[in-house]
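The structure under discussion appears below in the form of structure tokens.
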Amino acid sequence: MKIALLGYGKMGKIVERIATDRQHEIILKIDQDNQHDFTPENLGRADVAIEFSTPGTVIGNIERCFEAGVPVVVGTTGWYDKIPQVKQICNAGDHSLVFASNFSVGVNVFFHVNKLLAELMDKYPYYDVQVEEIHHTQKLDSPSGTAITIAEGIIENLSSKNSWVNVLSVDGTEAPGENFSGEQLLIESFRMDNVPGTHTVIYDSEVDCLEFKHTAHNRNGFALGAVMAAEWIKDKKGFHSVEDMFDFSLK
271 MKIALLGYGK MGKIVERIAT DRQHEIILKI DQDNQHDFTP ENLGRADVAI EFSTPGTVIG
331 NIERCFEAGV PVVVGTTGWY DKIPQVKQIC NAGDHSLVFA SNFSVGVNVF FHVNKLLAEL
391 MDKYPYYDVQ VEEIHHTQKL DSPSGTAITI AEGIIENLSS KNSWVNVLSV DGTEAPGENF
451 SGEQLLIESF RMDNVPGTHT VIYDSEVDCL EFKHTAHNRN GFALGAVMAA EWIKDKKGFH
511 SVEDMFDFSL K
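Next comes the structure, spelled out in structure tokens:
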């Protein structure tokens with residue numbers, strides 16, 4: 271499979287290594303320094319594109335993939351308010367896209383179990399819940415896209431929460447604002463050196479505390495999942511989320 275990498279930072283380089291190990295060929299690598307190579311002709315030589323850029327460039331990159339008729343795997347977050355428009359364009363033009371806040375297999379298992387846990391804990395309203403996420407100091411967005419997906423899974427299945435609110439903690443002393451209410455789910459974000467990503471769901475009561483946690487040891491799981499998504503979307507049409515890739519049904 272011939273792959274175009276749109277975004278060639280840390281994630282792009284790991285994706286390149288893993289894709290090559292899986293016998294794929296990287297035929298195009300685009301970053302801010304070689305935009306002149308980002309032409310329909312060059313992009314059109316790829317079987318699929320893997321997009322890890324920035325929230326400011328992701329929509330333009332998706333549109334170029336659609337124009338070139340190249341399926342695209344989108345790992346960038348920060349554009350989800352545009353999902354309805356992008357989905358409409360994708361389906362109307364018979365294009366191909368799969369997106370995720372996190373392509374890691376382990377994280378997607380976490381997402382699934384998180385929903386089941388929230389549904390179970392809804393029967394025990396004396397537990398309060400919050401989400402904590404820790405990432406490296408270079409991460410620009412807060413909360414992480416993964417934390418938002420976790421929060422949305424809780425809100426969908428826990429009747430006591432109807433929205434989420436984020437606090438970015440540098441030293442752990444920050445607190446929610448005065449308008450914070452018990453119906454809001456707190457996402458507390460921490461930024462520390464050399465942390466690929468840790469996400470914890472905490473159900474706390476007066477008698478005990480239950481923690482559900484995923485810790486990434488490195489970025490390899492994110493990159494492997496993105497390459498698996500490229501293998502999955504290559505011959506498909508339509509607008510997909512990563513949930514369409516996985517079958518978590520219990521038999």
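To convert, take the position in the sequence shown, counting from 1, and add 270; that gives the working numbering.
In this text, a Cβ means the ideal position worked out from N, Cα and C, and glycines have one as well.
- Item | Beta-carbon separation (whole angstroms), His529 vs Phe518, contact threshold 8 Å | This structure cannot speak to residue 529, because the chain is shown only from 271 to 521.
- Message: Let me make sure I understand the geometry here. Which of Val512, Asp478 and Val342 has the alpha-carbon closest to that of Asp505?
- Response: Checked all of Val512, Asp478 and Val342; the closest Cα to Asp505 is Val342.
- Residue from Ala493, Asp474 and Ser429 with nearest C-alpha to Pro466: Closest by alpha carbon: Ala493.
- Item | Rounded separation between Ile353 and Val328 - CA only | In a straight line, the C-alpha of Ile353 is about 12 Å away from that of Val328.
- Task: Express the C-alpha separation of Lys385 and Gly423 in angstroms, rounding to a whole number.
- Result: If I take the Cα positions, the gap works out to 5 Å.
- Message: Is it buried or exposed, Leu455, if we count other Cβ atoms within 10 angstroms and call 16 or more buried?
- Response: Answer is buried; the Cβ neighbour count reaches 16.
- Cβ of Gly212 within 8 Å of Cβ of Val368? Lying before the first or after the last residue shown, residue 212 is absent from the chain, which here runs from 271 to 521.
- Under the DSSP definition of a beta bridge, which residues are partnered with Thr470? Beta bridge pairing from DSSP links Thr470 with Glu402 and Lys483.
- Limits of the alpha helix (DSSP H) - the one that Phe380 falls within: That run of the alpha helix (DSSP H) goes Val375 to Met391.
- Task: Quick one: residues in its chain with C-beta nearer than 6 Å to the C-beta of Gly415, no 5 flanking neighbours on either side, listed in chain order?
- Result: The beta carbon of Gly415 sits closer than 6 Å to the beta carbons of Thr347 and Ser371 from its chain, once the five residues preceding and following it are set aside; these are given in chain order.
- Under three-state DSSP, which class holds Trp502? Here Trp502 sits in helix by DSSP.
- Task: Kindly indicate the opening and closing residues of the alpha helix (DSSP H) around Arg287.
- Result: Per DSSP, Arg287 is one residue of the alpha helix (DSSP H) stretching across Lys280 to Asp291.
- Exposed or buried, which one is Gly282 when buried takes at least 16 other CB atoms within 10 Å? The residue is buried, with at least 16 neighbouring Cβ atoms inside 10 Å.
- Task: Have a look at Asn285 and Glu513 and give me their C-alpha separation to the nearest angstrom.
- Result: Looking at the sequence provided, one finds Val at residue 285 rather than Asn. Going from the Cα of Val285 to the Cα of Glu513 covers about 20 Å.
- Item | Close Cβ partners of Ala319 (< 6 Å) along its chain, the five nearest in sequence each way excluded | The residues are Ala274, Leu276, Cys335, Val340 and Val342.
- For Leu494, the three-state DSSP class (helix, strand or coil): Residue state, collapsed to three classes: helix.
- Task: Can you grab the Cα-Cα spacing for the pair Val437 / Val399, in whole Å?
- Result: Rounded to whole angstroms, the separation of the alpha carbons of Val399 and Val437 is 15 Å.
- Item | Continuous alpha helix (DSSP H) assignments of at least 4 residues falling wholly in the stretch 301-381 | 310-313, 328-338 and 353-362, all fully within the stretch 301-381.
- Endpoints, the beta strand (DSSP E) within which Asn436 is located: Run containing Asn436: Ser433 to Ser439, per the beta strand (DSSP E) assignment.
- Kindly give me the distance between the Cβ atoms of Glu501 and Met271, rounded to whole angstroms, as I take these residues to be in contact under 8 Å. Confirmed, about 7 Å.
- Proximal residues to Thr407 (C-beta, below 7 Å), its chain only, five neighbours per side dropped: A distance below 7 Å between beta-carbons, with the five flanking residues on each side excluded, links Thr407 to the following residues of its chain, in chain order: Arg461, Met462 and Asp463.
- Item | Endpoints, beta strand (DSSP E) assigned at Gly277 | Note, Gly277: premise wrong, no beta strand (DSSP E); not H, not E.
- Query: Would Ile420 pass as a contact of Val401 if the rule is Cβ separation under 8 Å?
  - Reply: Taking 8 Å as the Cβ cut-off, Ile420 and Val401 qualify as a contacting pair.
- Message: Considering only their Cβ atoms, is the gap separating Glu481 from Thr468 smaller than 8 Å?
- Response: Not closer than 8 Å, so no.
- Query: If you check the beta carbons only, do Ala289 and Val435 fall under 8 Å apart?
  - Reply: Not in contact: Ala289 and Val435 (Cβ atoms no closer than 8 Å).
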